[in-house]
Structure formats: C-alpha cells, structure tokens
Amino acid sequence: MHLAGRVVHRRLFADVTDPAEHEPWTLNFEPDYTAAALEMLNACVAASHAPECAVIEGIDWTVRVGDFWVVGGSSGSGKSDLMATAAGLLRPLRGVHRLFGEELIRLDEESFLRQRRRAGLVFGNEGRLFNQMTVAENLALPLCYHRNCDAREVRARVDEILEHTGLSAMANRTPANVNRSLRSRVALARALALQPELLLLDNPVRESDPAQRRWWIEFLSVLCAGHAVLSHRRTTIVVATDDFRPWLGAGQRFALITGQGWRTIGARADLSACDEPLLRELLHEETSETRG
Amino acid sequence: MQDAPTSIADLAPGRDAVQVRWARRYLNWIGRRILRLISTVQGLGAFGLITMGVIVTKFKSASHVVHPLIRAQIHRAGVRLLPIVSFVAMALGLAVIGQAVALLSRVGATTYAGTIMVTVVVRELGPLITALLVLARIGTAIVIELGTARALGEVEALEALGIDPIHYLVMPRVVGLALGIFSLTVYLILMALAGGYLFAFLQDVPLMPGDYFSQLAAALRWEDFALLALKTCAFGVIIAVVTCYHGLARPLRIQEVAEATTRAVVEGLVACTWLDALFIVVYLLM
Numbered sequence: 374m375h376l377a378g379r380v381v382h383r384r385l386f387a388d389v390t391d392p393a394e395h396e397p398w399t400l401n402f403e404p405d406y407t408a409a410a411l412e413m414l415n416a417c418v419a420a421s422h423a424p425e426c427a428v429i430e431g432i433d434w435t436v437r438v439g440d441f442w443v444v445g446g447s448s449g450s451g452k453s454d455l456m457a458t459a460a461g462l463l464r465p466l467r468g469v470h471r472l473f474g475e476e477l478i479r480l481d482e483e484s485f486l487r488q489r490r491r492a493g494l495v496f497g498n499e500g501r502l503f504n505q506m507t508v509a510e511n512l513a514l515p516l517c518y519h520r521n522c523d524a525r526e527v528r529a530r531v532d533e534i535l536e537h538t539g540l541s542a543m544a545n546r547t548p549a550n551v552n553r554s555l556r557s558r559v560a561l562a563r564a565l566a567l568q569p570e571l572l573l574l575d576n577p578v579r580e581s582d583p584a585q586r587r588w589w590i591e592f593l594s595v596l597c598a599g600h601a602v603l604s605h606r607r608t609t610i611v612v613a614t615d616d617f618r619p620w621l622g623a624g625q626r627f628a629l630i631t632g633q634g635w636r637t638i639g640a641r642a643d644l645s646a647c648d649e650p651l652l653r654e655l656l657h658e659e660t661s662e663t664r665g
Numbered sequence: 033m034q035d036a037p038t039s040i041a042d043l044a045p046g047r048d049a050v051q052v053r054w055a056r057r058y059l060n061w062i063g064r065r066i067l068r069l070i071s072t073v074q075g076l077g078a079f080g081l082i083t084m085g086v087i088v089t090k091f092k093s094a095s096h097v098v099h100p101l102i103r104a105q106i107h108r109a110g111v112r113l114l115p116i117v118s119f120v121a122m123a124l125g126l127a128v129i130g131q132a133v134a135l136l137s138r139v140g141a142t143t144y145a146g147t148i149m150v151t152v153v154v155r156e157l158g159p160l161i162t163a164l165l166v167l168a169r170i171g172t173a174i175v176i177e178l179g180t181a182r183a184l185g186e187v188e189a190l191e192a193l194g195i196d197p198i199h200y201l202v203m204p205r206v207v208g209l210a211l212g213i214f215s216l217t218v219y220l221i222l223m224a225l226a227g228g229y230l231f232a233f234l235q236d237v238p239l240m241p242g243d244y245f246s247q248l249a250a251a252l253r254w255e256d257f258a259l260l261a262l263k264t265c266a267f268g269v270i271i272a273v274v275t276c277y278h279g280l281a282r283p284l285r286i287q288e289v290a291e292a293t294t295r296a297v298v299e300g301l302v303a304c305t306w307l308d309a310l311f312i313v314v315y316l317l318m
C-alpha cells in the first residue's frame, strides 16, 4: 500500500521532479508522426492590417507531424497572414484552427502560449530581427526569457545554433551589418533556439542568391528528416513561397492560394496533374496565353 | 415635381444656407474631436489596466531579462537626467525661492518662507517640472523607439518567440519611469531649496540656515512625503503608459511615428496637468 502510494506520488509529480521536464525545449520523447501538427478546418484568414477583412477563405488543411509542405501564392495573396495565423499570432476570422490537436481559441492564456511556443515562425522581409541587438543576442533573448537566466548561461547553446547555421562569424554583428540575404538565416537560427516542433517559414529564399537557396533547401530537408541542432528530431516544415521551383525537390506536399481561395494539390506527383493556371505561373512555365 | 428638403440647409435660402452649412461643419468637427477623445481615453485606460495586470502577475517572471531592463530605464530616466535637472533646480531655486525669501524679508515675514517653499516647490513645481522634463527627454524617445519597433515588425517577432511585449517592453518603462521621476523629484527639490537659500544668502537676506531648515521642517507634514511619492510615481506611470500606448498599441508605419510622438507628448502633458490639478484638490482637503 505504502509502495503503491509512492508510485502514484512519483507519477503525479513526474512533471515536477523529472529534471528534463524543467527544460521545455528539450524533447525526450519520440513525436507521433500520424498526429496533426496543424489543422485548419473551413478557416478564414484575416488581413493583419485590417483584421475584419478576409484574405483567404475556406482553408481545409491538415499538416501531419514530419511533413514538408510548400504553400504557393502570388505576391499580396496573404501568405504572410496565413503563416502568422498558423503560428497563432493572428486569430482566424472563422473556422477551426488547431495546433498539435488543441484548438487555440479554447485555451487559457498560459496553455495558449505554451502551445504556440511549439511552433516557430520565420518572418519574411529580412526576418524582423531586433536591430539594436547583435546576432548572438537575438538568439539568446528567447532562451534567456523562457529559462530566466542571463546570456552567459545560454552561450553554449547559442554558439551551437550559430555553428549549425553557418553564422558563427557574425555572432557579434548587429543585423544592419549582416548581409541582407543572410538576415533570414539569422531569423531561422533565432526560431530554432526554442526547438520548435513545427517551423513556418515565410518566403525565406526571396532575396537569396542560388548558393544561399541551395543552403536553405538542404538545411530544411535535413531539419525535416532530423537535424543535430534539434537533437535529430524530425521537424514539421511549412514554407510559403511565390516560386515553387526551388522547393520541388524538398517539398513533400503542396498547396496553393488562388485568389481568395485555397487549393490543396497533394504530393509532388500530383503537381503535373493540376490544371491550376497559378501553379504554372509559380513554376514559371510558359502558358499558351504568355506565348500568344 | 420638386424634391423634398432633406436637411435644414436645403430649407434655408442663400446666405443663411451657407451659414448653416458652416455651423454644421464646425459641429461635426467638434463631434469628431469628442469621439476621438473618448476613444483615446478608452484605449489608454484599457492599455493601462492591462499593463498594471502584467506588472502584478508577471513582475518576478523572466527576472534575469526584465529586471536589468528596469534598471536601465531607471538609469535613463534618472541618472542620465541629473545634469539638466540640476540646472533647472538651480534656476527654480533662484527664480522662486530666492525672490520669495527676498520679498518676505522686506515685509518682515520671513517666518512664512518655509510654508511658501513647501507649497510651491515640494507640492507643486518640483514634481510637475520633473515630470515635464522626463516627458520631453524620455517620453519622446520611448514613442520613437517603440513606434519604430512596431513599424518594423519587431513586436510581432517578440510575440512569435513567446515573449509578452507588455512584459518585456512596457513594464520596464512604467516601473523605471515611476522610480526615476520619484528620485529625480527628490533631487530637484533638495537642489532647488539649497539653490534658493544660496541666492537669498548672496542677497544678504537675514535668514540663518538653521532657521530656514527648521521652517521647512515645520511646514512639512508626513502627508507631504506620502503624497509626493504617490504623485511622482503616478506621473511616471502616466507618462510611460501614454508614450508606450502611442508607440505600441496601434499598427504604425514609419512615417506615422513622428505624428504619434507629437500626440503622445500633448496627451502626456494634458494628463500630467489634470493629475496635478487632482492633487491640488487633495492638498486643499487635507
């Protein structure tokens, strides 16, 4: 009876007594690859500049854990708003939005923030870095804030991420002194600091040269399969882009934002069967109209 | 067939119609200003309450990151303003206290010097001048830096990293400005009183330092210390909330930051003056 009581006690307080649980960024379990990382059911995405206006409607989208999704749309189609909504920064106007099985709107503030932290967002437009801080400080800030420690204590982790992302030489530079095309990479490194399970990237290779683009695609492919920077855990990846071509090799699933609508294409093999004119545009293929 | 008149302006012919139209235009303008004032007060109130809630519930969380920011704000709104506050305090001492003591000595009423100084410097001018200095020097900088951060999307980046912008950006400024203004006011009052006596001494006013300070001590009551602390901290909170609200609460574009700064300074000034008036009532009731 006494032993049973101790077992129950240990289980009850496992989340308090287990030292690994003190560090939410350390994942010590294998993710369920059949579960949905992100679900949007009949969702309607609002514009960030006008929250009452819809930019994309009727989104039915399920992103499974470990998937690599590529979402295409022309400029101004609402890709950034979709990414911000998927990450939980914006609330959808209508419909259901679930992150790792939890409907965000139904969570209390603490659970909502905990759930949202499982998704990392790499903003477009040079990554929205903190301009008054150095690259290393940009990475250290979220770690220090959530661990409640000072920068010295997270130095090793910051150095490790910088090394994996090839940014060690820029650790002490401010974003203004980092090459424009590398700023998105700093934003990726900053997002990786919190070890996200789902990584949402808004047009990361837009201003990149071919070599940078190759680095991104290779790095994200390895990240999806399990990279050392995230303890070899598979990461679910969603990339929003206005050019499908670089992602054809890495992407596993594809979708399109067509006007104000949503169209899921499916796997890579389904691309050729898709008759959507926008897809041809994003693949930069010549259509009969452009030829004419 | 003639259309039915739809407004007073349609009924009034010629010159009267023009006058009615102008009157309506002015009334519309006044109405819009009133609605805008109500909306601003509502927004500021909500923002202030949210900030107070965050201070109460999250003061100790992420202390290794946020508390150094509070110290930085105290340094910025306190220590770095010491030179300008010293200059203003000396000027205040010379202008108000020196003149008052010199005048009182001419009519043989130097026993009232302490009461006048406590009323003018400790209760009124000291806190208000310090608050206006901090508003001009630090308040404007806060709107610009937060407005720029908002315009560049840094606030959304903080949210994406799970960092509460109110906790990380607003709380240090509110606490820092409240403590900074309180400390600066105490410093300004001491400097002004000393500067004033120095001026009176140079003018050969027959007032001994011992008499001067005993008059001050007699004029001061414990409520003065409590209300001084309350008033200066309230000034700090108001300035921080108004400037942070204009920098953060609404989506801004870079070109709108200058206008937001002007609006924040004006509203901060009005809010501080109203608060000062409220405290005058409290002093009168005491």
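Top line first, the protein sequences correspond to chains A and B.
Per my numbering, the very first residue in the first sequence carries number 374; after that it's consecutive.
Per my numbering, the very first residue in the second sequence carries number 33; after that it's consecutive.
We put the beta carbon where it would ideally sit given N, CA and C, even for glycine.
### Task
Would you mind giving the Cβ-Cβ distance between Gly497(A) and Ser453(A), rounded to the nearest angstrom? I have them listed as a contact below 8 angstroms.
Your numbering for residue 497(A) matches position 124 in the first sequence. Your numbering for residue 453(A) matches position 80 in the first sequence. Right, the Cβ-Cβ distance comes to about 6 angstroms (below 8 angstroms), so this counts as a contact.
### Query
Comparing alpha-carbon positions, which option in Ala266(B), Leu167(B), Ile221(B) and Leu59(B) lies nearest Asp308(B)?
As a position in the second sequence, residue 308(B) is number 276, starting the count at 1. Answer by Cα proximity: Ala266(B).
### Task
Please name the residue in Leu193(B), Val274(B) and Asp256(B) whose C-alpha comes closest to that of Leu316(B).
Locating residue 316(B) in the second sequence gives position 284, counting from the first residue. Selected option, being the one with the closest Cα: Asp256(B).
### Query
Taking contact to mean at least 3 C-beta pairs separated by less than 8 angstroms, is the region 433 to 452 of chain A in contact with the region 621 to 640 of chain A?
Output reads yes: the region 621 to 640 of chain A touches the region 433 to 452 of chain A.
### Task
Could you pull out every residue in the same chain whose Cβ sits closer than 7 angstroms to the Cβ of Val297(B), ignoring the five residues on either side in sequence?
By one-based count along the second sequence, residue 297(B) stands at place 265. Excluding positions up to five away in sequence, the list reads Leu167, Gly171 and Thr172.
### Task
Please decide whether Met283(B) counts as near chain A, where near means a Cβ-Cβ distance under 9 angstroms.
Translated into positions along the second sequence, residue 283(B) becomes position 251. Contrary to the premise, residue 283(B) reads as Pro rather than Met in this sequence. Chain A, which has a Cβ nearer than 9 angstroms to the Cβ of Pro283(B), makes this yes.
### Inter-residue CB distance, Leu603(A) and Ala566(A) (contact presumed, cutoff 8 angstroms)
Translated into positions along the first sequence, residue 603(A) becomes position 230. Translated into positions along the first sequence, residue 566(A) becomes position 193. 11 angstroms between Cβ atoms; not a contact.
### Query
Run through DSSP, which three-state label would His96(B) get?
Numbered from its first residue, the second sequence carries residue 96(B) at position 64. In the structure shown, the three-state DSSP call for His96(B) is helix.
### Message
Check for me: the alpha helix (DSSP H) holding Asp523(A) runs from which residue to which?
### Response
Indexing the first sequence from 1 puts residue 523(A) at position 150. Boundaries cannot be given for Asp523(A), as no alpha helix (DSSP H) includes it and DSSP labels it neither H nor E.
### Task
Taking only beta-carbon positions, decide if His96(B) is within less than 9 angstroms of chain A.
Translated into positions along the second sequence, residue 96(B) becomes position 64. Yes, His96(B) counts as interfacial toward chain A.
### Query
With 16 other CB atoms within 10 Å as the buried threshold, where does Thr294(B) fall?
Working through the second sequence from its first residue, we reach residue 294(B) at position 262. That one is exposed.
### Query
Does any C-beta atom of chain B lie closer than 9 angstroms to the C-beta of Arg563(A)?
Residue 563(A) sits at position 190 when you count from the first residue of the first sequence. Between Arg563(A) and chain B, the shortest Cβ-Cβ separation is below 9 angstroms.
### Query
Do the region 559 to 576 of chain A and the region 633 to 653 of chain A touch if we need at least three Cβ pairs shorter than 8 angstroms?
Judged by Cβ distances under 8 angstroms, the region 559 to 576 of chain A makes no contact with the region 633 to 653 of chain A, as fewer than three pairs qualify.
### Task
With a 10 Å radius around its C-beta and 16 neighbouring C-beta atoms as the bar for buried, classify Arg205(B) as buried or exposed.
The residue labelled residue 205(B) in the question sits at position 173 within the second sequence. Label assigned to Arg205(B): buried.
### Task
From the DSSP output, in three-state form, read off Gly110(B) for me.
Position 78 of the second sequence, counting from 1, holds the residue named residue 110(B). Coil.
### Query
What is the DSSP secondary structure of His600(A), reduced to helix, strand or coil?
Counting from 1 along the first sequence, the entry for residue 600(A) is found at position 227. Of the three classes helix, strand and coil, the one that applies to His600(A) here is strand, per DSSP.
### Alpha-carbon spacing of Arg47(B) relative to Leu59(B), whole angstroms
In the second sequence, residue 47(B) corresponds to position 15, counting from 1. In the second sequence, residue 59(B) corresponds to position 27, counting from 1. Going from the Cα of Arg47(B) to the Cα of Leu59(B) covers about 18 angstroms.
### Message
So, for Leu76(B): in the same chain, excluding its five sequence neighbours on each side, which residues have a beta-carbon less than 6 angstroms away from its beta-carbon?
### Response
By 1-based counting over the second sequence, the position of residue 76(B) is 44. Closer than 6 angstroms at Cβ, skipping near neighbours: Tyr277.
#### Entry: Proximal residues of chain A, C-beta to C-beta of Glu299(B) below 7 angstroms
For the purposes of this step, residue 299(B) is taken as residue 267 along the second sequence, with counting starting at 1. Chain-order list of chain A residues neighbouring Glu299(B): empty, with the shortest C-beta distance near 24 angstroms, by a criterion of under 7 angstroms.
#### Entry: Same chain, Cβ closer than 6 angstroms to Ala145(B), five either side skipped, listed in chain order
In the second sequence, residue 145(B) corresponds to position 113, counting from 1. Val133, Leu136 and Gln247.
### Message
Considering only their Cβ atoms, is the gap separating Phe503(A) from Gln488(A) smaller than 9 angstroms?
### Response
One-based indexing of the first sequence puts residue 488(A) at position 115. One-based indexing of the first sequence puts residue 503(A) at position 130. Not a contact, by the Cβ cut-off of 9 angstroms.
### Query
Would you report the Cα separation of Ile87(B) and Arg285(B), rounded to the nearest angstrom?
Taking the second sequence and counting its residues from 1, the one referred to as residue 87(B) is at position 55. Taking the second sequence and counting its residues from 1, the one referred to as residue 285(B) is at position 253. Between the C-alpha atoms of Ile87(B) and Arg285(B) there is a straight-line separation of about 28 angstroms.
### Message
Measuring only the C-alpha atoms, how far is Met122(B) from Met223(B)?
### Response
On the second sequence, residue 122(B) is found 90 positions in, with the first residue counted as 1. On the second sequence, residue 223(B) is found 191 positions in, with the first residue counted as 1. Roughly 6 angstroms between the two C-alpha positions.
### Task
For Ile195(B), go through chain A and note every residue whose CB falls closer than 7 angstroms to its CB, in chain order.
If you number the second sequence from 1, residue 195(B) lands on position 163. Pro515 and Tyr518, listed in chain order.
### Message
Within a Cβ cutoff of 6 angstroms, which residues of the same chain sit near His537(A), ignoring the five residues on either side of it in sequence?
### Response
On the first sequence, position 164 is the one that residue 537(A) refers to. Excluding residues within five positions, the ones whose Cβ falls inside 6 angstroms are Val602.
### Query
Mind checking whether Arg471(A) and Ala419(A) have CB atoms under 9 angstroms apart?
As a first step, residue 471(A) must be located in the first sequence, where it is residue number 98. As a first step, residue 419(A) must be located in the first sequence, where it is residue number 46. Contact: no.
#### Entry: Secondary structure of Leu651(A), DSSP reduced to three states
Locating residue 651(A) in the first sequence gives position 278, where the first residue counts as 1. Leu651(A) falls in the helix class under three-state DSSP.
### Task
Could you tell me whether the Cβ atoms of Pro548(A) and Trp589(A) are closer together than 9 angstroms?
Taking the first residue of the first sequence as 1, we reach residue 548(A) at position 175. Taking the first residue of the first sequence as 1, we reach residue 589(A) at position 216. For Pro548(A) and Trp589(A), no; Cβs fall outside 9 angstroms.
### Task
Just the chain A side, please: which residues come within less than 8 angstroms of Gly28(B) by C-beta, in chain order?
Here chain B has residues from 33 to 318 only, and residue 28(B) is not among them.
### Message
Taking the alpha-carbon of Asn415(A) as reference, which of Val469(A), Ala423(A) and Thr608(A) has the nearest alpha-carbon?
### Response
Translated into the one-based positions of the first sequence, residue 415(A) becomes position 42. Check the Cα spacing between Asn415(A) and each of Val469(A), Ala423(A) and Thr608(A): the tightest is with Val469(A).
### Message
Assuming Arg546(A) and Glu499(A) are in contact, meaning their beta carbons sit under 8 angstroms apart, how far apart are those beta carbons, in whole angstroms?
### Response
By one-based count along the first sequence, residue 546(A) stands at place 173. By one-based count along the first sequence, residue 499(A) stands at place 126. Taking a contact as a CB-CB distance under 8 angstroms, the pair Arg546(A) and Glu499(A) does not count as one, their CB atoms being some 14 angstroms apart.
### Query
Along chain B, which residues have their Cβ under 8 angstroms away from the Cβ of Leu462(A)?
By 1-based counting over the first sequence, the position of residue 462(A) is 89. Chain B residues near Leu462(A): Glu188, Glu191 and Ala192.
### Message
Let me check understanding here. Comparing Cα to Cα, which of Leu301(B), Leu211(B), Ala249(B) and Val289(B) lies closest to Gly110(B)?
### Response
On the second sequence, residue 110(B) is found 78 positions in, with the first residue counted as 1. The shortest C-alpha separation from Gly110(B) is found at Leu211(B).
### Query
Thinking C-alpha only, which one of Ala642(A), Arg607(A), Met506(A) and Gly622(A) is nearest Val559(A)?
Counting from 1 along the first sequence, the entry for residue 559(A) is found at position 186. When only C-alpha atoms are compared, the closest one is Met506(A).
### Message
Let's test the definition: count the other Cβ atoms within 10 Å of the Cβ of Met318(B) and tell me whether it reaches 16, buried, or not, exposed.
### Response
Residue 318(B) sits at position 286 when you count from the first residue of the second sequence. Met318(B) should be labelled exposed.
### Query
Using the C-alpha atoms, what's the distance from Val153(B) back to Leu225(B)?
The residue given as residue 225(B) occupies position 193 in the second sequence. The residue given as residue 153(B) occupies position 121 in the second sequence. A straight-line Cα-Cα distance of about 8 angstroms links Leu225(B) and Val153(B).
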